[in-house]
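**Student:**
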Amino acid sequence: MAAISSNQSLQDLKVTYHHSTLVFPISQQITDNGQTKTLFLSNIDQLQNYYAQTIHFFRANPDFPPEIISQRLKMAFEKVLVEYDFMAGRVKWNHQSGRAEIDCNGAGAGFVVASSELSVDELGDLAAPNLGFKQLAVQKLDHFDDEHDQPQCIIQVTSFKCGGFAIGMSVIHIMVDGTTAKIFQENLASQAFTDQRPLAFIPFHNRHLLAARSPPLVTFPHPV
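Taken in order, the sequence shown gives residues 2 to 225; the numbers are from the working numbering.
(1) Give the range of the alpha helix (DSSP H) segment to which Asp-46 is assigned.
(2) What do you get for Lys-80, buried or exposed, if any count of 16 or more other CB atoms within 10 angstroms of its CB means buried?
(3) I need the boundaries of the beta strand (DSSP E) containing Ser-98, first residue and last residue.
(4) Distance check for Tyr-85 and Gln-157, CA to CA, integer angstroms please.
(5) Short of 6 Å in beta carbon distance, which residues of its chain neighbour Ser-215, apart from the five on each side in sequence? Order them along the chain.
(6) Does the separation of the CB atoms of Arg-91 and Leu-42 fall below 8 Å?
(7) Give the DSSP-derived three-state secondary structure of Ser-71 in the structure shown.
(8) Looking at the structure shown, is Ala-167 part of a helix, part of a strand, or coil, going by DSSP?
(9) Along the alpha helix (DSSP H) that carries Phe-185, what are the first and last residues, could you check?
(10) So, for Gly-165: in the same chain, excluding its five sequence neighbours on each side, which residues have a beta-carbon less than 8 Å away from its beta-carbon?
(11) Taking 8 Å as the cut-off, decide whether the C-beta atoms of Asp-46 and Ile-175 are in contact.
(12) Do you know offhand how far Glu-102's Cα is from Ala-53's?
(13) Considering only DSSP beta bridges, list what Leu-40 is partnered with.
(14) For Val-113 and Ala-213, I'd like the C-alpha separation in whole angstroms.
(15) Quick check on Gly-125: buried or exposed, where buried means 16 or more other Cβ atoms within 10 Å of its Cβ?
(16) Give the DSSP-derived three-state secondary structure of Leu-137 in the structure shown.
(17) Assign Thr-17 to one of two classes, buried (16 or more other C-beta atoms within 10 Å of its C-beta) or exposed (fewer than that).
(18) Check this for me: beta carbons of Leu-65 and Val-24, under 8 Å apart or not?
(19) Measuring CA to CA, which of Asp-178, Asn-44 and Asp-150 is closest to Asp-210?
(20) Decide if Gln-197 is buried, meaning its Cβ has at least 16 other Cβ atoms within 10 Å, or exposed.
(21) Considering only the alpha carbon of each residue, which of Met-88, Glu-68 and Tyr-51 lies closest to His-206?
(22) Determine the extent of the beta strand (DSSP E) in which His-19 is found, giving its start and end residues.
Here it is, written out as structure tokens:
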């Protein structure tokens with residue numbers, strides 16, 4: 002069992018949040034009837050109604066100071082949201098089907114810029130659980146009073162005094178699983194350039210492949 006760090010000083014990473022905003026896809030897909038599309042959620046997806054956070058740490062690179070990193074990452078986020086438009090949408094309840102689904106309404110994803118007074122080395126073992134790491138991947142933006150307005154995917158870039166930085170992502174698990182999140186992050190990195198480059202991977206978001214049979218089809222006996 003992993004132990005949470007007992008070093009109380011490291012549970013406060015001395016983070017200052019400088020800027021938070023919504024980011025939007027640079028273009029939006031509209032259905033033939035003029036409505037924004039919805040994304041079907043499988044029975045497995047329906048159960049994942051909680052937030053998951055990931056944090057990735059990077060050493061300093063003199064060619065990429067913090068302001069350039071945040072600018073490039075925000076630009077990449079806006080570009081990649083065209084293919085991942087559901088990550089700028091909102092989970093809603095479909096009363097007709099009695100199921101949750103994602104409204105790809107382009108309401109926006111969250112982007113946060115922050116800094117820490119510490120260096121990356123002062124954080125200690127980055128693989129060890131640390132309650133302070135929650136400061137590197139916020140779940141909510143402060144300027145939204147209504148819970149339904151909150152973005153359900155937030156990326157945070159935090160720079161450290163050594164020049165290193167961390168990229169944190171907080172996303173409702175309904176939207177992505179671990180593999181999807183990894184592919185999303187690789188696609189995000191591929192778009193952090195000023196020239197036009199293709200995505201690292203072409204995503205496939207159709208979840209009807211995991212839909213339950215309707216009507217149900219029992220293929221083997223279930224003795225009582």
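Built from N, CA and C at the ideal position, the CB exists for glycine as well. What you are looking at is a predicted structure, and each value in this text was computed from that prediction instead of being measured.
**Tutor:** In short, the structure shows the following:
(1) On the sequence shown, residue 46 is found 45 positions in, with the first residue counted as 1. Counting along the chain, the alpha helix (DSSP H) containing Asp-46 begins and ends at 44-47.
(2) Locating residue 80 in the sequence shown gives position 79, where the first residue counts as 1. It is buried - the Cβ of Lys-80 has at least 16 other Cβ atoms within 10 Å.
(3) Position 97 of the sequence shown, counting from 1, holds the residue named residue 98. Counting along the chain, Ser-98 falls outside any beta strand (DSSP E), and DSSP gives it neither H nor E.
(4) Position 156 of the sequence shown, counted from the start, is the residue given in the question as residue 157. Position 84 of the sequence shown, counted from the start, is the residue given in the question as residue 85. Roughly 18 Å between the two C-alpha positions.
(5) As a position in the sequence shown, residue 215 is number 214, starting the count at 1. Counting only Cβ-Cβ distances below 6 Å, and skipping sequence neighbours, we find nothing.
(6) Taking the sequence shown and counting its residues from 1, the one referred to as residue 91 is at position 90. Taking the sequence shown and counting its residues from 1, the one referred to as residue 42 is at position 41. Not in contact: Arg-91 and Leu-42 (Cβ atoms no closer than 8 Å).
(7) Mapped onto the sequence shown, residue 71 falls at position 70. Note: Ser-71 maps to helix in three-state DSSP.
(8) The residue given as residue 167 occupies position 166 in the sequence shown. Correct three-state label for Ala-167: strand.
(9) Taking the sequence shown and counting its residues from 1, one reaches residue 185 at position 184. Per DSSP, Phe-185 belongs to the alpha helix (DSSP H) from 179-191.
(10) The count along the sequence shown starts at 1 and reaches residue 165 at position 164. For Gly-165, the CB contacts under 8 Å within the same chain, skipping 5 residues up- and downstream, are Phe-58, Phe-59, Arg-60, Ala-61, Ser-120 and Val-121 in chain order.
(11) The count along the sequence shown starts at 1 and reaches residue 46 at position 45. The count along the sequence shown starts at 1 and reaches residue 175 at position 174. Yes, these two residues count as a Cβ contact at 8 Å.
(12) In the sequence shown, residue 102 corresponds to position 101, counting from 1. In the sequence shown, residue 53 corresponds to position 52, counting from 1. For Glu-102 and Ala-53, the distance between alpha carbons rounds to 18 Å.
(13) As a working mapping, residue 40 is identified with position 39 in the sequence shown. Per DSSP, Ile-103.
(14) Residue numbering aside, residue 113 sits at position 112 when the sequence shown is read from its first letter. Residue numbering aside, residue 213 sits at position 212 when the sequence shown is read from its first letter. Each residue's alpha carbon lies about 38 Å from the other.
(15) Taking the first residue of the sequence shown as 1, we reach residue 125 at position 124. The residue is exposed, with fewer than 16 neighbouring Cβ atoms inside 10 Å.
(16) As a working mapping, residue 137 is identified with position 136 in the sequence shown. If DSSP states are grouped into helix, strand and coil, Leu-137 belongs with the helices.
(17) Residue mapping note: residue 17 aligns to position 16 of the sequence shown, counting from 1. Classification of Thr-17: exposed, given that the 10 Å Cβ count is below 16.
(18) For the purposes of this step, residue 65 is taken as the residue at position 64 of the sequence shown. For the purposes of this step, residue 24 is taken as the residue at position 23 of the sequence shown. Going by the sequence as given, residue 65 is Phe instead of Leu. Contact flag unset, no.
(19) By 1-based counting over the sequence shown, the position of residue 210 is 209. Note on identity: in this sequence residue 210 is Leu, with Asp being the wrong assignment. When the alpha-carbon of Leu-210 is set against those of Asp-178, Asn-44 and Asp-150, the nearest one is in Asn-44.
(20) The residue given as residue 197 occupies position 196 in the sequence shown. With fewer than 16 Cβ atoms within 10 Å of its Cβ, Gln-197 is classed as exposed.
(21) In the sequence shown, the residue the question calls residue 206 occupies position 205. Comparing Cα positions, the closest option is Met-88.
(22) Looking up residue 19 in the sequence shown gives position 18. His-19 -> beta strand (DSSP E) spans 16-24.
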